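Beneath this line is the structure, given in structure tokens, with notes to follow.
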Amino acid sequence: MTQGHVYAELVAATNYSFLRGASHPADMVFQAAALGLSAIGIADRNSVAGVVRAWVAVKKAKAANALPPNFRLVTGSRLVFADGTPDIVAYPKNRKGWGRLTRLLTVGNMRSNKGGCILRFDDLAGYLEDLLLIILPHSTAEETNPHKKPVEYSHADGGEKLRLVEDTPGSLDEILRRLKRLAPDRVWLGITMHGRGKDMRRLEEQRALAKQCGLPILAANDALYADCAARPLHDVLTAIRLGVSVDQAGTRLEVNAERYLKSPAEMTRLFARAPEAIAESQKLLNQVAFDLSQLKYEYPNEPVPSGWEPQDWLEHLVRSEANRRHPDGLPPKWVRALDEEFTLVRQKNYACYFLTVHDIVQFARSQDPPILCQGRGSAANSVICYLLGITSVDPVSNNLLFSRFLSEERDEPPDIDVDFEHERREEVMQYVYRRFKRHRAGIAATVIHYRPRSTVREVGKAIGLTEDVTARLAGTVWGSFGRDLPEARLIEAGFDPDNPQIARLHAFVGQLLDFPRHLSQHVGGYVLTENRLDETVPIHNGAMADRTFIEWDKDDIDALNLLKVDILALGMLTCIRKSFEMLRQTGGGDYTLDSVPAEDPAVYAMLQKGDSIGTFQVESRAQINMLPRLKPKEFYDLVIQIAIVRPGPIEGDMVHPYLRRRNGEEKVEYPSPAPPHDPNELHDILYRTYGVPLFQEQAMKLAMVAAAFTPDEANGLRRAMATFRNSGTMPEYKDKMINGMVQRGYQQDFAERCYKQIEGFGSYGFPESHAQAFAHLVYISSWLKCHHPAIFTAALLNSQPMGFYAPAQLVQDARNHQVDVRAIDVNFSAWDNGIEAGALRLGYRQISGFHKDWALAIEAARPFASLEELARKAKLPPRALHLLADADALRSLGLDRREAGWEARRTPTDELPLFAAADARELAQEAGIALPMMPVSEHVAADYQMTRMSLKGHPMEFLRDIFAAEGILTCAQTDAAKHGTRVRTAGVVLTRQRPGKGNAIFITIEDETGVTNALLWSRLFERQRRAVMASRLMVIEGEVQRSKEGVVHLMASTITDRSHELERLSHEHDANVPLSRSDEFAQPVYPRHGHPRDVRILPKSRDFH
Amino acid sequence: MRLIRERIDALSDPLDPGFGYDLIQLTVPTADILLPSQAGLETKVDRSAQTEALIDRLSVRLGSNRVRYFVERNSHIPERAVVECAAQSGQPQKEWPQETEAEPPMRPFRLFETPQRVEALASIPDGPPRQFRWRKSLHHIVAYEGPERIAAEWWRRKAGHEHGKGGPTRDYYRVEDSEGRRFWLFRHGLYSETDAPIWYLHGLFA
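Protein chains in written order, with the numbering used here: chain A, 24 to 1128; chain B, 39 to 244.
Written out as structure tokens, the structure reads:
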């Protein structure tokens, strides 16, 4: 069908031209190849964000022989100018050209707000060497806002030539002439035939114009989507972009469906009168010698002192530290480990990478006070990282596998992730910008995709549904798990899926899901380079001040072999630092991460009781349930504790066997292969976990040893395990692994369970090194909780938001541990929660809306005898007084909430100069007004409203009579009930979670006596979705189930929404008992595309600013 | 006052007052003060105010339903692109797109309310018509321009978002027959959408 016609489409956009392109990069590429185009040129609007994906698609398809061998992908960008210059598509001729293109885009990006790019013709003139330019005769620019406070960015590299400033050309004619002069032989006039009526006339005019200017014309279709069937979707995208509905968009939609990829024959027919324009596409193509594989990468050399080679410097640093730690000479095991690592690092030339991370960690440690940090993830496998102080786990004595971090066979960069205190990470990030300069350092991007909720809302609007309809629909989309919008959801929300509008919505939502929506910055992955980073990838302004990020995300960076350092934020580190500080201040001792007394039996005794609220990682409900069963006795048990409550081991059904063996209820045995093989081959791998594989490394080694995988295959398996997006490749390994194991004489059943578990790791698994690193923090936080509960709680409250629980629950837990918690009071409190003679004094930061400078002013002006004195001495505005009164923080002045509210309203804050001079009381003593006493229930409601907790009581206390009359039990009564009893319990909702595959929903409710954990099977859930999702106070009816360790669960059957009862507490105040931060309904957790390590039990706890 | 005079003038005929009126009583149910506006020395005369005054006068004299104008609507489909309505209906009138100089108009001023079905001969798949028969007479086409391809508004159809159900696409051609008459024809449906597309005459160029 394509005989004789050779054509390459060189003006094609993907959906990375956000809301303009309507096809994924890979779809564009495959369609182009299927149509027989000789090449496709991907050029998105002022961006190269989508090209790596296209490039990866081509690379993979070529490797699988799914593409014609001579099919080419050329990558460039469509430059859209802000000054009226028509759009110009630019392709780099070579590597240098690519650098110019990305620098040009960076110039435009840095001028604009996040997501925009402001380019002028003059910018192009400065960077057009080695670029091939296709001028399109019109501009598609839209308004972009310039950045108000552009960061300091050095575009200059010293190599600039002096040139005249190019003003904006006034006409197409002038552009052609000027570019012809500036870039002879590298300029084309692109012509499209979109069925606009005057196509032929335009063609002739433009051909004549081009001829006059001595330029060739180029046939292009300016494709926006792969297939013409995408027109409705494209119209919807356009409507979303314009913020109107499709029928209002009218002429602003494309008039027809012609902007799809067309075959060479079709293009030849359309350009029958100008065959030279078709032929020109090949000529342009032949000039492009650039491919993304030419991007070579060099790590910065900064941290190396002059006169040293990076590798020597690294070895020097590491060896001197090793000798310091082992003054009597290194044990042979260490020598071997170091030699192995150094050889590999030298071979791979990664010394600079280690030194860079070391440099950043050094910076954090050298601050005053030092910023706590700790490496996580696979870096903990490396002795070098350990000795450089990046990680805290000793890999030698823990037998960790270096090859898990870096190996010879694996041609991919290692990955060092370091956690910093979440409140101070910004300091580290700004240091990186300062150290390496912004043109050499950038945060990786994260592509934000269309998700069910946003898609329903935006598509609904575009097809003209009213907001109440879309809100209702979006509301019932289960935040976390929906990757599509099943019809069942529609029916549930009360819509008929056969209704034409709803069917339409459904269809578009399905198509739009997983489209990229916009770029955002990665939580902390930095790409650092020796040479200019903006010659590899364009740099953008972030939405946050002083952040700049690159256009490519994690996957792109991996595909191009760029190295990345993850600078992550961890709330627990902040909390630990604050605890240490308070310990020092209160004379409790001077501790660091390394000097906390190890293996303290009291800590383990506490954990064995499941008493872990507030601690790191092991504080979730699932972990709390596991603790009494696993009964950790030593550090390694914590490592297992962290790793075992994960979907991997759970889905692989490894948990129960492990527990049984650990408790001595089952014989520890190691599955053995049939005779010719070593019967003990698994012992070495599995002995620390009683023969049950729990960690990612074990699963890998198992595949290698028991199923005889080659290192290559194991590596493939590991990749498949590590990444969500590759999970499609997992089944390939299934037969291989199971058959391999069975052939070598293992039980079919064991083999299948092993595979299941590996599959589970695919979604969320923990490598042992990572669990080790985290276990360290688990221990320290548990130690603090065990020995210094008041300080620990204060530090937790001062580090909010973080962790699993809301302040109310943390405070409640502290009180349960005999901590004396004192209310906020102007004469005693500080901004932070603090320690007052061993008791926890709440701070002003708990009052919603209170300002820190008010708090400081109060502290400086203390003490006060009256409200007026407070207002005058601390110079507080009325708002502050009202907040203090409402928060009931004036009791030491003899005022309760209601009296204080009255006083606050009559206290003038603008001091009259005369009174100030006299320093006299401004208000005359007034006869006390007899205000009616405020009932406690109202106090509690007001406390919750103001400070999200109350020390005076629990809302449920005041409703107890009502519920007791109905025969509804307290949580404590439920907890004490016999196994199998049917009970009803009421409480305010703390968390609702739907982990793993979503078979069950865990609900935790709380009343004045404690908490009850309920489990609701999903089949029961579907029927009472509304009650579960909407309740703030619920009554749960179900059967008590008591495990042999004494853990009580309520197996829920009916849930009733009784939220309205809360209104009885107060007419004025809304007793909004805050949900715990782990609640998934209020805070949906989207499955992340990423490394399992990134997926945390704590939703959204990584990045607070 | 000026408008009232118009009204009285318009009334004169059917009422035939013979010797004239002794008294005409005007009732003013509500009255607003019309403040005189000062024209600046250099401000230009407000053209639109003049047009509005003319529309008011004509509407009073001829009846408000009889003075009409075209309002542009936001659609690619020619028959939906403009709507005729009473000039006093308050529909805002947008600026009409300015025709580029030296370029013929792309659409005729006169459209048929219902496009006229014609028999046409054209090359496959999307070539221009060669000749067509309209109201029994055969027109040989000597010059054409096009196609201007206008896709249907899929959102007006029940399952329009599904591929192929969005409605037939139109290919418009401006053509001139051997006697110099100019027509606006369209093919209703691409060959990928239908086997035998029907041709329509949608308008005549002046």
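Note that CB positions come from ideal geometry on N, CA and C, so glycine has one too.
Just so it is clear, the structure is predicted and the values come from calculations on it, not from any experiment.
Exercise. Is ARG43 of chain B helix, strand or coil when you go by DSSP?
Worked result: Annotated three-state conformation of ARG43 of chain B is helix, per DSSP.
For this session: Measuring alpha carbon to alpha carbon, tell me which of A:HIS874, A:LEU879, A:ALA883, A:GLY768 ends up nearest HIS905 of chain A.
Result: Cα-wise, what sits closest to HIS905 of chain A is A:HIS874.
Exercise. Can you tell me whether DSSP reads LYS808 of chain A as helix, strand or coil?
Worked result: Under the three-state reduction of DSSP, LYS808 of chain A is assigned to helix.
For this session: Within the same chain, show all residues whose beta-carbon is closer than 8 Å to that of PHE851 of chain A, passing over the 5 residues directly before and after it, in chain order.
Result: Closer than 8 Å at Cβ, skipping near neighbours: ARG845, GLU859, ARG864, SER915.
Exercise. What are the residues of the stretch 514-542 of chain A that lie near chain B, defined by any Cβ-Cβ distance shorter than 7 Å?
Worked result: From the stretch 514-542 of chain A, only PRO523, ARG527, ALA530, PHE531 have a Cβ closer than 7 Å to chain B.
Exercise. Going along chain B, which residues have a C-beta under 9 Å from PRO255 of chain A?
Worked result: Listed along chain B are TRP192, TRP193, GLY198, HIS199, GLU200, HIS201, GLY204, each with a C-beta nearer than 9 Å to that of PRO255 of chain A.
Exercise. Pick from A:TYR693, A:ALA467, A:HIS1083, A:LYS460: whose alpha carbon is nearest that of LYS587 of chain A?
Worked result: Comparing Cα positions, the closest option is A:ALA467.
Exercise. Does DSSP put THR125 of chain A in a helix, in a strand, or in coil?
Worked result: Residue state, collapsed to three classes: helix.
Exercise. Would a C-beta distance cut-off of 8 Å place CYS375 of chain A and TYR322 of chain A closer than the cut-off?
Worked result: Against a cut-off of 8 Å, the Cβ pair of TYR322 of chain A and CYS375 of chain A comes out as a contact.
Problem set entry | Identity of the residue in A:ALA923, A:ARG527, A:ASP576 nearest GLY483 of chain A by Cα | Put simply, of A:ALA923, A:ARG527, A:ASP576 the residue whose alpha carbon is nearest the alpha carbon of GLY483 of chain A is A:ARG527.
For this session: Please classify ASP491 of chain A: is it buried, with 16 or more other beta-carbons within 10 angstroms of its beta-carbon, or exposed?
Result: Taking all protein chains in view, the Cβ of ASP491 of chain A is surrounded by fewer than 16 other Cβ atoms within 10 Å, so the residue is classified as exposed.
Exercise. Quick one: any contact between the stretch 134-144 of chain A and the stretch 79-95 of chain A, if contact means 3 or more CB pairs under 8 Å?
Worked result: These segments do not touch.
Exercise. Given a threshold of 16 other Cβ atoms within 10 Å of its Cβ, counted over all protein chains shown, does LEU79 of chain B qualify as buried or as exposed?
Worked result: Around the beta carbon of LEU79 of chain B, fewer than 16 other beta carbons sit within 10 angstroms, so the residue counts as exposed.
For this session: With 9 Å as the C-beta to C-beta threshold (strictly closer), list the residues of the stretch 259-286 of chain A near chain B in chain order.
Result: The stretch 259-286 of chain A vs chain B, Cβ under 9 Å: VAL259, SER268, VAL269, ASP270, GLN271, ALA272, GLY273, THR274, ARG275, LEU276, GLU277, VAL278, ASN279, ALA280, GLU281.
Exercise. So is the beta-carbon of SER792 of chain A under 7 Å away from any non-hydrogen atom of the ligand PLP?
Worked result: With respect to small molecules bound, the structure shown includes none, and the ligand PLP cannot be examined in it.
Exercise. Helix, strand or coil: how does DSSP classify HIS76 of chain B here?
Worked result: Sequence inspection shows Gln at residue 76 of chain B; the His mentioned does not correspond to that position. It is coil, neither helix nor strand.
Exercise. How many angstroms separate the CA atom of ASN324 of chain A from the CA atom of ASN372 of chain A?
Worked result: Counting only the Cα atoms, ASN372 of chain A lies some 12 Å from ASN324 of chain A.
Exercise. According to DSSP, what are the bridge partners of GLU277 of chain A?
Worked result: Paired residue(s): none; GLU277 of chain A is not in a bridge.
Exercise. Do you know offhand how far ASP578 of chain A's Cα is from VAL1011 of chain A's?
Worked result: Linking ASP578 of chain A to VAL1011 of chain A through their CA atoms gives a straight-line distance of about 42 Å.
For this session: Could you tell me which of A:PHE313, A:LEU318, A:LEU340 sits nearest to PRO326 of chain A, measuring between CA atoms?
Result: When each option's Cα is compared against that of PRO326 of chain A, the closest is A:LEU340.
For this session: Determine which residues share a DSSP beta bridge with TYR176 of chain A and list them.
Result: When DSSP reads this structure, TYR176 of chain A sits in no beta bridge, so it has no partner.
Problem set entry | Minimum length 4: unbroken alpha helix (DSSP H) runs contained in the stretch 976-1039 of chain A | If only complete runs of 4 or more residues are kept, the stretch 976-1039 of chain A shows the alpha helix (DSSP H) at 978-988, 994-999, in order along the chain.
Exercise. Is the Cβ-Cβ distance between LEU238 of chain A and LEU205 of chain A less than 8 Å?
Worked result: No. Outside cutoff.
For this session: May I have the straight-line CA-CA distance separating ASP589 of chain A from ILE439 of chain A, to the nearest angstrom?
Result: So the two alpha carbons sit approximately 6 Å from each other.
Problem set entry | Per-residue DSSP class, three states only, for VAL492 of chain A | The answer is helix: DSSP assigns VAL492 of chain A an H, G or I state.
For this session: Please go through the same chain and pick out, in chain order, the residues whose beta-carbon is closer than 6 Å to the beta-carbon of LEU256 of chain A, but skip the five residues on each side of it.
Result: Leaving aside the five residues that flank LEU256 of chain A on each side, the residues in its chain whose CB is nearer than 6 Å to its CB run, in chain order, ALA45, GLN534.
Exercise. Should ARG1005 of chain A be labelled buried (16 or more other beta-carbon atoms within 10 Å of its own) or exposed?
Worked result: The residue is exposed, with fewer than 16 neighbouring Cβ atoms inside 10 Å.
Problem set entry | N- and C-terminal bounds of the alpha helix (DSSP H) containing GLU338 of chain A | Looking at the DSSP string, the run of the alpha helix (DSSP H) that includes GLU338 of chain A is 333-348.
Exercise. What number of angstroms, rounded off, separates the C-alpha of VAL626 of chain A from the C-alpha of LYS975 of chain A?
Worked result: Computed Cα separation, rounded: 30 Å.
For this session: Please classify MET677 of chain A: does DSSP put it in a helix, a strand, or coil?
Result: In the structure shown, MET677 of chain A adopts coil according to DSSP, grouped into three states.
For this session: Measuring alpha carbon to alpha carbon, tell me which of A:PRO651, A:GLU558, A:LEU899 ends up nearest LEU318 of chain A.
Result: The shortest C-alpha separation from LEU318 of chain A is found at A:GLU558.
Exercise. From this set, A:ASP569, A:PRO207, A:LEU496, A:LEU423, which residue's C-alpha is nearest GLU175 of chain A's C-alpha?
Worked result: Selection A:ASP569, A:PRO207, A:LEU496, A:LEU423 evaluated against GLU175 of chain A yields A:ASP569 as nearest (Cα-Cα).
For this session: With a floor of 3 residues, list each beta strand (DSSP E) that falls wholly inside the stretch 158-193 of chain B, ordered by position along the chain.
Result: Within the stretch 158-193 of chain B, the complete beta strand (DSSP E) runs of at least 3 residues fall at 167-172, 175-188.
Exercise. Counting pairs of beta carbons, one from the stretch 807-818 of chain A and one from the stretch 674-692 of chain A, are three or more of them closer than 8 Å?
Worked result: With a cut-off of 8 Å on Cβ pairs, the stretch 807-818 of chain A is not in contact with the stretch 674-692 of chain A, counting fewer than three such pairs.
For this session: Under 6 Å Cβ to Cβ from ILE236 of chain B, same chain only, skipping five residues before and after it: list those, please.
Result: Leaving aside the five residues that flank ILE236 of chain B on each side, the residues in its chain whose CB is nearer than 6 Å to its CB run, in chain order, HIS226.
Problem set entry | Interfacial residues, the stretch 159-191 of chain B to chain A, with Cβ spacing under 8 Å | Those would be GLU183, GLY184, PRO185, GLU186, ARG187, ILE188, ALA189, GLU191, in chain order.
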